[in-house]
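To keep things clear, I will list the structure first and then write my remarks on it.
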Amino acid sequence: MDAQCDAQDDGILVNWIELDSTVRPATRTPTGRSSCMYPGEAPAPPIEGVEAPEEAPIVITLEEFQKQPVLAATIVSQPSNFGLRNAHSNVYAQAQEQEFTFEFQDAEIVLKARPVSYQWNYGDGTGATTTTPGGPVDGAAFDTETPTSHQYTRTGDFQLILTTYFAGDYSVDGGPFQPVAGEAAVVSEPHLMSIWRTEGHNVSENCIENPQGIGCAAPTR
1 MDAQCDAQDD GILVNWIELD STVRPATRTP TGRSSCMYPG EAPAPPIEGV
51 EAPEEAPIVI TLEEFQKQPV LAATIVSQPS NFGLRNAHSN VYAQAQEQEF
101 TFEFQDAEIV LKARPVSYQW NYGDGTGATT TTPGGPVDGA AFDTETPTSH
151 QYTRTGDFQL ILTTYFAGDY SVDGGPFQPV AGEAAVVSEP HLMSIWRTEG
201 HNVSENCIEN PQGIGCAAPT R
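So the sequence shown is numbered by the UniProt record's numbering: it starts at 1 and just counts up by one.
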């Protein structure tokens, strides 16, 4: 029976012959039979009614999300880097949505990152997590409570550290956006908070009239 070979399957058509080595010289007689030979196993023939398996979809994991250069939030304190003991110090974050385009597994990926929560470490052994970045308040902002303000109970210098969590959505080759499983954690540069104490006194003279008066000396903590 003749065999047909598909060139796409790397098959080679072989025509069989019969070799008679009992005579000199040996004779070669075509048998009329042929076969397909393959360098490895012959590919399985397609089964009617069964679709070929689809390629596995491209998935952007949290690990791949974390590899992207997501910009950390900026920490702002009001007034800048300064606060009073036992008073509310207003601190807030400035974070932005970001978009990245990169190649992954021979596909073009568009990834959008958006800030969703903020983990505050105030540097005094306490912390908080908020879903709002906070914002500025009018005036000097001394002892103004806000959703992201903090009361330091002792004086000193404290390094405030902020971790912003970003949710991600990605598109593969222009397809619909789908969410990344998990949130990317991005840590900001530490922010110095210098906390001082205050004292109240009634005086009849200012420091020009009486340089040695109460409150005219250099401040101490």
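Cβ coordinates follow ideal geometry from the N, Cα and C atoms, glycine included.
Please read these numbers as outputs of a predicted model, since none were measured by experiment.
Give, in chain order, every unbroken run of the alpha helix (DSSP H) that is at least 4 residues long and sits entirely within the stretch 147–216. none
Give me, in chain order, the residues of the same chain whose beta-carbon lies closer than 6 Å to that of residue 72; leave out the 5 immediate sequence neighbours on both sides. 186, 188
Output the distance between the C-alpha atoms of residue 194 and residue 133, rounded to the nearest integer angstrom. 21 Å
Hey, out of 123, 92, 57, 67, whose CA is closest to residue 74's CA? 92
Contact set for residue 173: own chain, Cβ-Cβ below 8 Å, skip 5 residues either direction: 107, 108
Hey, how far is the Cα of residue 30 from the Cα of residue 48? 35 Å
Is residue 108 helix, strand or coil when you go by DSSP? strand
In terms of DSSP beta bridges, what is residue 114 paired with? 167
Give every residue of the same chain whose Cβ lies closer than 6 Å to the Cβ of residue 158, excluding the five residues on either side of it in the sequence, and list them in chain order. 123, 124, 193
Do residue 166 and residue 59 have their C-beta atoms closer together than 7 Å? no
Go ahead and label residue 120 buried or exposed: buried means 16 or more other beta carbons lie within 10 angstroms of its beta carbon, across all protein chains shown. buried
Following the continuous beta strand (DSSP E) through residue 62, name the residue where it begins and the one where it ends. Where residue 62 is concerned, there is no enclosing beta strand (DSSP E), although the alpha helix (DSSP H) it sits in stretches over 62–66.
Count the other CB atoms, across all protein chains shown, that sit within 10 Å of the CB of residue 115; report buried if there are 16 or more and exposed otherwise. buried
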